[in-house]
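Q:
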DNA sequence: TACTTTCGTGTAATCGATTACATGATTGTT
DNA sequence: AACAATCATGTAATCGATTACACGAAAGTA
């Protein structure tokens, strides 16, 4: 019922103009102190609330930022979003969520929708690397809306990104398996068009070579990030002439599937076979046979992305700084690969 | 670089007025067809995009809706949000996320912030039931902004809610434990000021009574939703004169902790002791010793909340309908309580 | 032909807040 | 006392789109 109170209502009540009210509320130094105090008191008593939409229209800034992720119901993305929200809320920004469901068309739609909604920035993890959405990305850049990639990024001049060092992640996980005595290490790889998966693979390969081990193409099995895919991969691997004795998986879900399949085949973990995953999903720690995994510090990634955005948003658009933040991955060693301690 | 194109730019180019352009773009029947076509074609060629902020100011609707949850990085809430987003996106609404971190002050701030941002509706799960935030809630209702509770709700006249039948959830889980032969069933309870936890408890109690079993106060242990709390609860319970032989936990995390502690004490599950949790968190299914749990169909809950919102938003504010949607819980029976099949 | 409808557009107000510029009041200077 | 500087506030345009009302032109009617 309480009608919307505007500065005009306050002005009328005090027999002054809306301009004076506006200035008083904005602490304009040209306003007499007594007037300012009176206006502020009256505004409070009338329960006045600034209309952000009017402000947004006038200033051209909505104080909303858009976040696009493949899906929100994954611990990783949810945590990143949590980080973004925590960092941006104190600066008065609200976070608008969009999901692509791994669909490029949706990604493009989301980009246009967010620009339409006049967001002040877009933070996103790309769905896939493709030229299909180039027009949508160009549209964002042309509108001079800060764009920041996190985790899954894409090469675009002038666009900043926050990622982890996936190469190193793959490297330390693989090296750990080697140090546990594994000699034939397989890799469950992800979509190689995405740098994160490419780099995890390259880190894996480099670790093998640096430690005098052979890299075998047949040990690399492409999988989707699912339990089922991990099971199938193990079935394939065990049929090889020389089956592997360890797996470094680019996905925790696939790692879990692999473990389930190995158990069914009565292969003992970690004694006969070691497994390491990637992402440090909550369940990896909860299992009785807990799973070694590479942590991507999603909360930190979200906060960092938010900070990079804040740096860019106020920059008088002189030179566009392309900032590439790379966070360090952290290996959490658990039972699925701990021969020495178990 | 592309300057913002407005309807005035289009008007100037075609030597007509902005009003005509606006009407043409909105398919106003009074516009000559040739004019309409010309305007639409020109708008497209100039890459015109309607400024939603101007529209929002004029219409008083922002096309944003706010969602407030305790935290986003929990599978349950993330899934609900996913459901909301999927249902509302096709209707042109964007979803703004806020977290309370279980803090009442944050909850109040979030409510004010969302109202300030002129959201068209607020969908939320309350942090706790308390009178502390009454002013904030009153503020929402006074502004006539549709408010809908999901999962954790609060009694406010005229406010709709979407929940699951927690009583039934507690009932079927407990009854299942009974049918597996358990005779002394304990309960790990949550914050009893929240109806969801209260009802889970009441369902548990009723199932005991309906099956001729004694309800013992000492079998009810209040816990936080954490692994640690579950461990501690088991320690307490096992020190009782007649220790229980089963646990119905109102939280999956506490159930997990309970299981871990039972294992440490070398109590075999499900043979000597059965456990059932609540929420059907992903990990319950992934464990080798998978955990029986009550599913709350979060995706459906989100979609339903969104639908209730859509019903209310266009209602000419004649009679405020208070709609209480109650979804059915579903028990997922797994190893932690399957004596018969294992 | 004269007069009424109907049609298609233009005019101008509106949503609420901000702000360059103008103006009148007050104080300061010599 | 006369004029300049300073201060506090008012006036009006602006952000971009929508829409009630007005109006001239074309079509219809008698």
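Protein chains in written order, with the UniProt record's numbering: chain R, 1 to 342; chain L, 1 to 342. Backbone N, C-alpha and C define an ideal beta-carbon position, used for all residues, glycine too. All of these numbers come straight from a predicted model, not from anything done at the bench.
Identify the contact partners of residue 96 of chain L in chain R, using a Cβ-Cβ distance below 9 Å as the criterion.
A: The residue given as residue 96 of chain L occupies position 96 in the second chain. In chain order: 64, 94, 95, 96, 97.
Q: Between residue 116 of chain R and chain L, is any beta-carbon pair separated by less than 7 Å?
A: Sequence index remark: in the first chain, residue 116 of chain R carries index 116 (1-based). So, interface residue.
Q: Quick test of the definition: if touching needs 3 or more C-beta pairs under 8 Å, does the stretch 83-99 of chain L touch the stretch 28-46 of chain L?
A: No: the two stretches stay apart, fewer than three of their Cβ pairs being nearer than 8 Å.
Q: Please report the straight-line C-alpha distance between residue 79 of chain L and residue 238 of chain R, rounded to a whole angstrom.
A: The sequence position of residue 79 of chain L within the second chain is 79, counting from 1. The sequence position of residue 238 of chain R within the first chain is 238, counting from 1. Cα to Cα, the separation comes out at about 36 Å.
Q: Let me check understanding here. Comparing Cα to Cα, which of R:255, R:69, R:217, R:296 lies closest to residue 227 of chain R?
A: Numbered from its first residue, the first chain carries residue 227 of chain R at position 227. Measuring from the Cα of residue 227 of chain R, the nearest candidate turns out to be R:255.
Q: For residue 342 of chain R, which three-state DSSP category applies?
A: Residue numbering aside, residue 342 of chain R sits at position 342 when the first chain is read from its first letter. Confidence in residue 342 of chain R is poor, its pLDDT being 46 and thus under 50, which makes the residue's placement unreliable; the coordinate value appears in the next sentence. Coil.
Q: Taking Cβ positions, are residue 165 of chain L and residue 329 of chain L nearer each other than 7 Å?
A: Walking along the second chain from the start, residue 165 of chain L turns up at place 165. Walking along the second chain from the start, residue 329 of chain L turns up at place 329. Yes, the Cβ-Cβ distance between residue 165 of chain L and residue 329 of chain L is below 7 Å.
Q: Given a threshold of 16 other Cβ atoms within 10 Å of its Cβ, counted over all protein chains shown, does residue 73 of chain L qualify as buried or as exposed?
A: In the second chain, counting from the first residue as 1, residue 73 of chain L sits at position 73. Classification for residue 73 of chain L: buried.
Q: Would a C-beta distance cut-off of 7 Å place residue 129 of chain L and residue 154 of chain L closer than the cut-off?
A: Looking up residue 129 of chain L in the second chain gives position 129. Looking up residue 154 of chain L in the second chain gives position 154. Yes.
Q: Do residue 185 of chain L and residue 194 of chain L have their beta-carbon atoms positioned less than 7 Å apart in this structure?
A: Here residue 194 of chain L refers to the residue found at position 194 when the second chain is read from its first residue. Here residue 185 of chain L refers to the residue found at position 185 when the second chain is read from its first residue. Contact flag unset, no.
Q: Which of the three DSSP states is assigned to residue 246 of chain R in this structure?
A: As a first step, residue 246 of chain R must be located in the first chain, where it is residue number 246. Note: residue 246 of chain R maps to strand in three-state DSSP.
Q: Quick check for students: name the residue ranges of the beta strand (DSSP E) that lie wholly in the stretch 141-194 of chain R, counting only runs of 3 or more.
A: Listed in chain order, the complete beta strand (DSSP E) runs (minimum 3 residues) inside the stretch 141-194 of chain R are 147-150, 160-164, 185-189.
Q: Quick one: grab the DSSP three-state call for residue 132 of chain R.
A: Position 132 of the first chain, counting from 1, holds the residue named residue 132 of chain R. Residue 132 of chain R: coil per DSSP, three-state reduction.
Q: Within 8 Å, do at least three Cβ pairs link the stretch 296-312 of chain R to the stretch 243-252 of chain R?
A: Segments in contact, no.
Q: Please name the residue in R:311, R:331, R:7 whose C-alpha comes closest to that of residue 160 of chain R.
A: Residue 160 of chain R sits at position 160 when you count from the first residue of the first chain. Checking every option, the nearest Cα to that of residue 160 of chain R belongs to R:311.
Q: Can you have a look at residue 270 of chain L and say buried or exposed, based on whether 16 or more other CB atoms are within 10 angstroms of its CB?
A: Your numbering for residue 270 of chain L matches position 270 in the second chain. The residue in question, residue 270 of chain L, is buried, as its Cβ has 16 or more Cβ neighbours within 10 Å.
Q: Can you have a look at residue 201 of chain R and say buried or exposed, based on whether 16 or more other CB atoms are within 10 angstroms of its CB?
A: Sequence index remark: in the first chain, residue 201 of chain R carries index 201 (1-based). Per the 10 Å Cβ criterion, buried.
Q: Identify the continuous beta strand (DSSP E) that holds residue 293 of chain L and give its terminal residues.
A: As a first step, residue 293 of chain L is located in the second chain; it is residue number 293 there, counting from the start. Counting along the chain, the beta strand (DSSP E) containing residue 293 of chain L begins and ends at 292-295.
Q: Spatial neighbours of residue 342 of chain L within its chain, please: CB distance less than 6 Å, with the 5 preceding and 5 following residues excluded, ordered by chain position.
A: Taking the first residue of the second chain as 1, we reach residue 342 of chain L at position 342. For residue 342 of chain L, the predicted structure reports a pLDDT of 46, less than 50, and the residue's modelled location is therefore unreliable. A value from the coordinates is still provided. Closer than 6 Å at the Cβ level, and outside the excluded window around residue 342 of chain L, lies no residue.
Q: Does the Cβ of residue 196 of chain L have 16 or more other Cβ atoms within 10 Å, making it buried, or fewer, making it exposed?
A: Taking the first residue of the second chain as 1, we reach residue 196 of chain L at position 196. Buried.
Q: Tell me, which residues are paired with residue 65 of chain R by DSSP?
A: Taking the first residue of the first chain as position 1, residue 65 of chain R is located at position 65. Bridge partners of residue 65 of chain R: R:95.
Q: Using a Cβ cut-off of 7 Å (strictly closer), state whether residue 335 of chain R contacts chain L.
A: In the first chain, residue 335 of chain R corresponds to position 335, counting from 1. Output row for residue 335 of chain R: interface = no.
Q: Between which two residues does the alpha helix (DSSP H) holding residue 45 of chain L run?
A: Counting from one through the second chain, the residue named residue 45 of chain L turns up at place 45. Note, residue 45 of chain L: alpha helix (DSSP H), 33-45.
Q: Considering just the uninterrupted stretch of the beta strand (DSSP E) at residue 279 of chain R, what are its terminal residues?
A: Stepping through the first chain from its first residue, residue 279 of chain R is reached at position 279. 274-279 is the extent of the beta strand (DSSP E) around residue 279 of chain R.
Q: Report the three-state DSSP secondary structure of residue 221 of chain L (helix, strand or coil).
A: The residue you call residue 221 of chain L lines up with position 221 of the second chain. Here residue 221 of chain L sits in strand by DSSP.
Q: Considering only the beta carbon of each residue, do residue 48 of chain R and residue 5 of chain R sit closer than 7 Å?
A: Within the first chain, the letter at position 48 stands for residue 48 of chain R. Within the first chain, the letter at position 5 stands for residue 5 of chain R. Cβ atoms of residue 48 of chain R and residue 5 of chain R: closer than 7 Å.
Q: Residues of chain R with CB closer than 9 Å to the CB of residue 287 of chain L, please, in chain order.
A: Residue mapping note: residue 287 of chain L aligns to position 287 of the second chain, counting from 1. Under the 9 Å cutoff, chain R gives 283, 286, 287, 288.
Q: Relative to the C-alpha of residue 246 of chain L, which candidate in L:229, L:139, L:277, L:264 has its C-alpha closest?
A: Taking the second chain and counting its residues from 1, one reaches residue 246 of chain L at position 246. The residue with the shortest Cα to Cα distance from residue 246 of chain L is L:277.
Q: By how many angstroms is the C-alpha of residue 283 of chain R removed from the C-alpha of residue 207 of chain L?
A: Taking the first residue of the second chain as 1, we reach residue 207 of chain L at position 207. Taking the first residue of the first chain as 1, we reach residue 283 of chain R at position 283. Rounded to whole angstroms, residue 207 of chain L to residue 283 of chain R spans 31 Å at the Cα level.
Q: Are there 16 or more other CB atoms within 10 angstroms of the CB of residue 212 of chain L, so buried, or fewer, so exposed?
A: The residue labelled residue 212 of chain L in the question sits at position 212 within the second chain. Under this definition residue 212 of chain L is an exposed residue.
Q: By the 9 Å beta-carbon criterion, what residues does the stretch 39-55 of chain R contribute toward chain L?
A: The residues in question are 47, 49, 50, 51, 52, 53, 54.
Q: Who are the Cβ neighbours of residue 148 of chain R in its own chain at under 6 Å, not counting the five residues just before and after it?
A: Here residue 148 of chain R refers to the residue found at position 148 when the first chain is read from its first residue. So the qualifying residues of the chain are 123, 160, 305, 308, 309.
Q: Rounding to the nearest angstrom, what Cα-Cα distance links residue 264 of chain R and residue 179 of chain R in this structure?
A: Counting from 1 along the first chain, the entry for residue 264 of chain R is found at position 264. Counting from 1 along the first chain, the entry for residue 179 of chain R is found at position 179. Going by the C-alpha atoms only, they are around 26 Å apart.
Q: Taking only the alpha-carbon atoms, compute the straight-line gap between residue 113 of chain L and residue 241 of chain L and give it to the nearest angstrom.
A: Here residue 113 of chain L corresponds to residue number 113 of the second chain, with the count starting at 1. Here residue 241 of chain L corresponds to residue number 241 of the second chain, with the count starting at 1. Residue 113 of chain L and residue 241 of chain L: Cα-Cα distance of roughly 53 Å.
Q: Quick check on the DSSP output: the alpha helix (DSSP H) that includes residue 13 of chain L runs from which residue to which?
A: Counted from its first residue, the second chain places residue 13 of chain L at position 13. Element bounds for residue 13 of chain L: 7-14.
Q: From L:223, L:325, L:174, L:231, pick the residue whose C-alpha is nearest to that of residue 292 of chain L; which is it?
A: In the second chain, counting from the first residue as 1, residue 292 of chain L sits at position 292. Ranking the options by Cα distance to residue 292 of chain L, first place goes to L:174.
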